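*Asks:* Residue numbers (the numbering used here): 92 to 759. My questions all concern the structure below.
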């Protein structure tokens, strides 16, 4: 039988506990001093109480001994008188002779012996062995006595033996002095010991106080150093060495206060590096940090000494230009900053990096009279500069404020819009170039806003990507297109492949193939009727992940198209690596194809490349008969644009699906 055993730790001995407690008390010198004082007082009280009890005991013993001796003497004398007088009819007048035989006893006992008759008359007396009578004997009655008496009943005599209490207690004086001397010496020893302990405790307390004061001074110095270091870190950016956000606010607020008094003009430049994220992802964060440090140094070289440069965070810098005379002067400085940043940065973790930036500019006091107001205005201008193509600057104006307010409103309504079905699709047909027969559709997302009306995707897609709502919106789009295909089928209309755009974030979602298959299965739609369009920007962050997802989608039977070909980042390399079916030539190359030889050559080479790779080619943005004719001559297989068919709601597309051809008379 197994028994569980529990190891119980042994209890420490009581002596160890007491010593530990005393050590703890000793560490607290003040408590130790109080304890020593209490113990000393208690010991002194005990000594004096013990001394008093001893004295009382010895005095009582002495009195008891005297009383016993007196009793013995009185008994002997009484018996002697009784025998001597016998049956004598009369008593002799002087009975002193009866006391003479007891002179030695009386002298030794140092007592007083008296014989008194029944009338209380003193018949004989002897004191200290000497016969004596009144008046000396009368003084004895006034003294404190130790008294013992014996009655001789036959003759009516009373034998009384008394002893002076003072004499009895006199012997105790020496004992008292001895005891008091011992108690005093012991008390002095205890007082000296207590004083020594108190003095040691006081010195220890003083030493601890000095040590605590020293530690406090050391701690104060350390805190002062840490505060100075913290202030230094708070005032300067640890990575670049320029001013921090906090220091910038302090300096800029002071300069703007001075500007209100002097009526000087200031300008705030909000600078953001273009595509800085790619540097971090391709070369690593060490390269990104080194680039930020190099950018800060180059900005300091371009700017004036009295301008305030700070890093707000990430790849964002801000500059406050002091006492600028005009917008032209601000534009000159902004151009110089951009030109300086365009110069390649060498020795960045063994690489040479070219960097550009976008700058938003706000002017004081026109665009704001506080640091926050100027930053907000410059941020709006920065967004406009990025939208304008990057590597440039933009001044703030009121129209940007209105645009920012509208963007914030739209951004906050995404969830409600999807829940209330405010998003919808307009469909644009794709046609073959030979017979102009419909070969497919592209679903173009629109937002039917209750206040602002129909909003195009260029206004809200970027906002959706910033808030990560783009994935939910993309999944909704897939389900909505499958639902529309099911409705057309129920109406008896012929079905053609419908293309929808997929964002970069949605393409990075490993669950995208499952989402697509779930939507197709729910509406019983064949995979070949759904076409997914991706742009080259989808492959910047993680091309391997994108290729994996696209291969899975293609394996399901979906068609994959590369949209806006020629406007991306790496062109031919993506065509070679990606599992795509179709190339879509961007409208920017089609616009001037009939008059611009370069555009015509680019389109011709793209068509030839696609043929060689076995890919379909679709030309976007066809808006004239000349463009259509030129594309036919170049061998383009499919076209799409306003000339053939304008985007329209699903109900209006029913006629196109039924006819299979565009009504060119209505297009013009």
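Cβ coordinates follow ideal geometry from the N, Cα and C atoms, glycine included. Model, not experiment: these values are computed from the prediction.
Counting only the same chain and skipping the five closest in sequence on each side, list residues whose C-beta sits under 6 angstroms from that of residue 428.
*Replies:* 393.
*Asks:* Figure out for me which residue from 731, 693, 412 has the closest Cα to the Cα of residue 709.
*Replies:* Comparing Cα positions, the closest option is 731.
*Asks:* DSSP three-state call for residue 592: helix, strand or coil?
*Replies:* Correct three-state label for residue 592: strand.
*Asks:* Do you know how far the Cα of residue 589 is from the Cα of residue 572?
*Replies:* Approximately 8 angstroms, taken between the alpha carbons.
*Asks:* Identify whether residue 397 lies in helix, strand or coil by the three-state DSSP scheme.
*Replies:* The answer is coil: DSSP assigns residue 397 none of H, G, I, E or B.
*Asks:* Got a sec? Which residues, its chain only, sit under 7 angstroms from residue 388 by beta carbon, not counting five neighbours each side?
*Replies:* Once the five neighbours on either side are set aside, residue 388 has no close Cβ partner at all.
*Asks:* What are the start and end residues of the alpha helix (DSSP H) that includes residue 573?
*Replies:* Unbroken alpha helix (DSSP H) run through residue 573: 561-581.
*Asks:* Taking the alpha helix (DSSP H) that residue 542 belongs to, which residues open and close that run?
*Replies:* Run containing residue 542: none; DSSP gives neither H nor E here.
*Asks:* Is the beta carbon of residue 524 less than 8 angstroms from the beta carbon of residue 360?
*Replies:* Not closer than 8 angstroms, so no.
*Asks:* Starting from the Cα of residue 533, find the closest Cα among 719, 591, 497, 186 and give me that residue.
*Replies:* For residue 533, the nearest C-alpha among the options comes from 591.
*Asks:* Under 8 angstroms Cβ to Cβ from residue 600, same chain only, skipping five residues before and after it: list those, please.
*Replies:* Hits under 8 angstroms: 562, 606, 640.
*Asks:* With DSSP run on the structure shown, which of helix, strand or coil describes residue 648?
*Replies:* Residue 648 falls in the coil class under three-state DSSP.
*Asks:* Using 10 angstroms around the beta-carbon of residue 317, count the other beta-carbons present and answer buried if the total reaches 16, otherwise exposed.
*Replies:* With fewer than 16 other Cβ atoms within 10 Å, it is exposed.
*Asks:* Residues bridged to residue 675 by DSSP?
*Replies:* Looking at the DSSP assignment, residue 675 forms a beta bridge with 709.
*Asks:* Return helix, strand or coil for residue 228, following the three-state DSSP convention.
*Replies:* Residue confidence for residue 228 is low, a pLDDT of 45 falling below 50, so the modelled location carries little weight; the figure read from the coordinates is stated next. Residue state, collapsed to three classes: helix.
*Asks:* By Cβ distance, which residues of its chain are closer than 7 angstroms to residue 565, with the 5 residues on each side in sequence left out?
*Replies:* Closer than 7 angstroms at Cβ, skipping near neighbours: 593, 594, 597.
*Asks:* Does the stretch 335-344 come within contact of the stretch 375-386, defined as at least 3 CB pairs closer than 8 angstroms?
*Replies:* With the cut-off at 8 angstroms, the stretch 335-344 and the stretch 375-386 do not touch.
*Asks:* Short of 7 angstroms in beta carbon distance, which residues of its chain neighbour residue 330, apart from the five on each side in sequence? Order them along the chain.
*Replies:* Closer than 7 angstroms at the Cβ level, and outside the excluded window around residue 330, lie 380, 383, 384.
*Asks:* For the beta strand (DSSP E) containing residue 440, list its first residue and its last residue.
*Replies:* Element bounds for residue 440: n/a, residue is neither H nor E.
*Asks:* Report back the beta-carbon spacing between residue 190 and residue 248 to the nearest angstrom; my notes put them in contact at under 8 angstroms.
*Replies:* About 13 angstroms separates the two Cβ atoms, so there is no contact after all.
*Asks:* Return the residue from the list 674, 716, 715, 717 that minimises the CA-CA distance to residue 698.
*Replies:* Checking every option, the nearest Cα to that of residue 698 belongs to 674.
*Asks:* Exposed or buried, residue 522, counting other C-beta atoms within 10 Å across all chains shown (16 or more means buried)?
*Replies:* Buried, because 16 or more other Cβ atoms sit within 10 Å of the Cβ of residue 522.
*Asks:* Quick one: give me the first and last residue of the alpha helix (DSSP H) that residue 686 is part of.
*Replies:* Careful: residue 686 lies outside any alpha helix (DSSP H) and carries neither H nor E.
*Asks:* Would you give the residue range spanned by the beta strand (DSSP E) that residue 517 belongs to?
*Replies:* Taken as a continuous stretch (DSSP letters only), the beta strand (DSSP E) holding residue 517 covers 514-523.
*Asks:* Quick one: what does DSSP say residue 278 is sitting in, helix, strand or coil?
*Replies:* The answer is helix: DSSP assigns residue 278 an H, G or I state.
*Asks:* Are residue 436 and residue 444 close, meaning C-beta to C-beta below 8 angstroms?
*Replies:* A contact, by the Cβ cut-off of 8 angstroms.
*Asks:* Cα separation between residue 517 and residue 733?
*Replies:* Each residue's Cα considered, the two are about 13 angstroms apart.
*Asks:* Is the distance from the Cβ of residue 452 to the Cβ of residue 421 below 8 angstroms?
*Replies:* Yes, they are a contact pair.
*Asks:* Please report how far the alpha carbon of residue 728 lies from the alpha carbon of residue 471, in whole angstroms.
*Replies:* Cα-Cα distance, rounded: 43 angstroms.
*Asks:* Cutting at 7 angstroms between CB atoms, please list the residues of its own chain near residue 406, excluding the five before and the five after it.
*Replies:* So the list reads 363, 364, 367, 383, once near-sequence residues are dropped.
*Asks:* Helix, strand or coil for residue 729 per DSSP?
*Replies:* If DSSP states are grouped into helix, strand and coil, residue 729 belongs with the strands.
*Asks:* In terms of residue numbering, what span does the beta strand (DSSP E) encompassing residue 473 cover?
*Replies:* Taken as a continuous stretch (DSSP letters only), residue 473 belongs to no beta strand (DSSP E), being part of the alpha helix (DSSP H) at 462-478.
*Asks:* Is DSSP giving residue 500 helix, strand or coil here?
*Replies:* Note: residue 500 maps to helix in three-state DSSP.
*Asks:* Helix, strand or coil: how does DSSP classify residue 210 here?
*Replies:* Coil, per DSSP.
*Asks:* Relative to the C-alpha of residue 142, which candidate in 272, 186, 206 has its C-alpha closest?
*Replies:* The shortest C-alpha separation from residue 142 is found at 272.
*Asks:* CB residue 520 to CB residue 735, shorter than 8 angstroms?
*Replies:* Yes.
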